[in-house]
Amino acid sequence: MATKKRRPVRSLVVLVITILAASAALVIGHIAKGASLVPSLALDLQGGTQLILTPTATDNDTRAITEDDINEAINIIRQRIDASGVSESEIAAMGSSNIVVSIPGTPTQETLDLIRSSSQMNFRPVLQVAPAALSQAPKSEEGPQSGQAAQSGATARGDQAQSARDAQSGAQSGAKEEAKPSQPVSTALDADKAKELADQNRDGKLSDEPMTKPENASSLAWITEQVLYDFYTLNCQEQSKKAHPEGPADKPFAACNDSGTLKYILGPVTVPGSDLSSANAGQVHNSTGQTTGEWGVDLQFNEAGTKAFAESSKILYSFQKEDKEGRSFFGYPDRNQFAVVLDGKIITAPRMNAIISTGQAQISGNFTAKSATALANQLNFGSLPLNFEVESEQRISATLGSDHLQKGLWSGLVGLLLVVLYLVWQYRGLSIVAAGSLVVATVMTYLTIAILSWTMGYRLSLAGVAGLIVAIGVTTDSFIVYFERIRDEVRDGRPLAAAVEEGWDRAKRTITVSDGVNLVAAVVLYLLAVGGVQGFAFTLGVTTIVDLAVIFLFTHPMMELLVRTKFFGQGHRFSGLDPEHLGAKSALVYAGRGRVVRRGSTGSSTRSAADSGNEDEAGQTLSIAEKRRLERLEAERQKASDTADSGEGDADVDTARTEKEGDEQ
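Residue numbers (our numbering): -6 to 658.
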């Protein structure tokens, strides 16, 4: 059977190209976009800004702030800060009425405003729906105020999945007969193109006022030039990475759903989130009161919310069957939907199937128990009527400072030096491969952390530094497993080239499983922990992936190349692969009188040592060290055999002499 052809040079070339590409990306980012060439530091190493916030109830709510409210507010602020691209922040309660927010570095004014603002959740009517991947421009001679939809398209969506198709345009009053069909355009248009399409009256300005007086919040007259421009330029993928504050309650608003697959034009707020008393997940009941097995979310409004929702549901329900002026994206009128907007994102947009005047509504669809509970938590979470007053805002110094960072780096350097010294003592020439692996792993880890710091806002904390130091042990463990597997094969009598390949086949499974366990532990720790522990888990996961890349793309290919050299391939005493030093078993066994046999073979396969001294049982050429050891072993056994034969002869002579002396007497 043909053996698999090894290409160690190809693996090394891939590794070099990867490192050069990452280095080039970082340098280009530094020149073009001002990216830092060194990783950003977290709060404990760099310092930052500290805000002390006091949650207060809104004007419409006079209840006392509870501990649960404080905890929910902390979750809101943490989600906002994470969405703004700032990592390694610290948010905690101080006493029973304050929240302390510490942000590393110098936060932008946008981030500070985002933290200070209250959580906003509102109910808005849907005016228009379009996919985030494809949008369609309105007809050039028809403005949205005449009833023409601003954009159209189709996509599939969870509980409202439909086959992809173009949205249908309804009959319109005032639409000119000679108007040409609309042409599809890509989403997230550039500013100039979006302005050209949104400027319906061609006056060069974008108006945020309706051209005609809207009859209600669901009127298409709310689709102004400004909101149409916002709709065209809205990038749902970018919105998911950063905050997108909701607009004024009395204005239309363009927003994406929380999955980033659809974008909407919404009318003014009809029911504020503070009017929602509660939201609970539960089983859906039919008209007879029996459960259907489906899950839903039950809503309960207060007195003001009951009245407002009843008026809104009446308008939305009027579009259940048809909408002559609007569009039908999912096969039913867009304006039959209402959207729940939380912090600028649409968390759900259900249809209105009945006029609800009791203040008790139910959202149903393809829910599971988990998804229904999650939506109920979001609704309760978002309806928290809190404002945040800033008690103090000040710069804070690093809690640990540069001294701790230097000590951490020095400890890592000392640990690395001790590891290298041990490898030199234990593995001799193989320590070249080990040290090279550590250097490559260090370079790749640094580039990875620096690029993540630039692109994702990652910041290195002291816990993260600890994770990097632990990585030294992870990488060292991998090539020690590999080296010991090779040595085991050499001890069993395999030629060095075969020992490297067989040792790799055995070691890579162990290394992969070990790193897989480390990676799973890092992921679990990252998901379940917060703050500094997450930093440790993150760097541990990154370095584990780097370790796999190094062992497959550098350590093993280098061993394949080095074993072809005279120093390593012939088992030099300082190579770390000397068969004699390792106590290797010879593949050939001395059988007496200048004859040797293969280990485990019968006497019929014997041949002279001279004939057997050049090849092993696999027909591969033996190294010089193996040949010399075999010759020395044969000589020692021959000498031992001659000595034994001589001893037997002397014993016979002495016995004969004794018998003769006895006869004479």
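Every residue, glycine too, gets a C-beta built ideally from N, C-alpha and C.
| query | result |
| --- | --- |
| For G496 and L372, the rounded distance between their alpha carbons | 58 Å |
| Member of I544, R117, E60, G528 whose CA lies at the smallest distance from the CA of G266 | R117 |
| As assigned by DSSP and simplified to three states, the class of K173 | Confidence is the limiting factor: at K173 the pLDDT is only 33, short of 50, which leaves the residue's position unreliable and the question unanswerable from this model. |
| The segment 442 to 456 touching the segment 33 to 53, judged by at least three CB pairs closer than 8 Å | yes |
| N329 versus V119, I12, T505, A57, residue with shortest Cα-Cα distance | V119 |
| CB contact flag (V2, L533, <9 Å) | no |
| The ligand MN heavy atom lying under 8 Å from the CB of L255 | In the structure shown, the ligand MN is absent, as is every other ligand, since no ligand is present at all. |
| S270 beta carbon less than 9 Å from that of F246 | no |
| Which residues DSSP lists as bridging Q387, in chain order | Q43 |
| Reduced DSSP secondary structure (H/G/I, E/B, other) of E135 | Residue placement at E135 cannot be trusted, given a pLDDT of 32 that sits under 50; what the coordinates show is reported in the next sentence. Looking at E135 - three-state DSSP - the assignment turns out to be coil, as it is neither helix nor strand. |
| Residue environment, E81, which counts as buried when at least 16 other CB atoms sit within 10 Å | buried |
| Cβ shell of F529 (< 7 Å), same chain only, five flanking positions each side left out | A456, G457, A459, G460 |
| Span of the beta strand (DSSP E), counted from its first residue to its last, around A274 | 269 to 278 |
| Residues near G88 by beta carbon distance below 8 Å, same chain, minus five either side | none |
| Span of the beta strand (DSSP E) around D291 | 284 to 294 |
| Rounded straight-line distance, which links the Cα of I425 to that of L411 | 15 Å |
| With 16 other Cβ atoms within 10 Å as the buried cut-off, status of A443 | buried |
| Outcome for W418 when other beta-carbon atoms lying within 10 angstroms are tallied against a minimum of 16 | exposed |
| Cβ-Cβ separation, G569 to G422 (assumed contact under 8 Å), whole Å | 5 Å |
| Which listed residue (D470, V94, S252, S211) has its alpha carbon closest to that of R388 | V94 |
| Chain-order list of residues whose beta-carbon lies under 6 Å from that of T670 (same chain, five-residue window excluded) | Past the boundaries of the shown model lies residue 670; the chain is included only from -6 to 658, so the question cannot be answered. |
| Simplified DSSP state of A242, which is helix, strand or coil | coil |
| Option in T505, A15, I356 with minimal Cα separation from Y475 | T505 |
| Span separating the alpha-carbon of Q527 from that of A85 | 16 Å |
| Inter-residue Cα distance where the pair is T431 and K559 | According to the sequence as given, residue 431 is Leu; it is not Thr. Approximately 25 Å between the Cα atoms of the pair. |
| Residue range of the alpha helix (DSSP H) that includes F322 | It is not in any alpha helix (DSSP H) - F322 carries neither H nor E in the DSSP assignment. |
| First and last residue of the uninterrupted beta strand (DSSP E) at Q330 | No beta strand (DSSP E) holds Q330; DSSP gives it neither H nor E. |
| Under the three-state DSSP convention, the category V556 falls into | coil |
| Terminal residues of the alpha helix (DSSP H) in which P261 lies | Per DSSP, P261 belongs to no alpha helix (DSSP H) and is neither H nor E. |
| Rounded C-alpha distance that separates T548 from A28 | 32 Å |
| Cβ-based neighbour list, G298, same chain, cut-off 7 Å, excluding 5 preceding and 5 following | V264, D268, L269, G352 |
| Which of helix, strand or coil DSSP assigns to I216 | coil |
| Distance between beta carbons of A123 and K256, contact taken as under 8 Å | 6 Å |
| Cα-Cα separation, I10 to I538 | 18 Å |
| N-terminal and C-terminal residue of the beta strand (DSSP E) that K188 is part of | From DSSP, K188 is part of no beta strand (DSSP E) but of the alpha helix (DSSP H) over 184 to 191. |
| The segment 277 to 289 contacting the segment 305 to 316, beta-carbon criterion three pairs below 8 Å | no |
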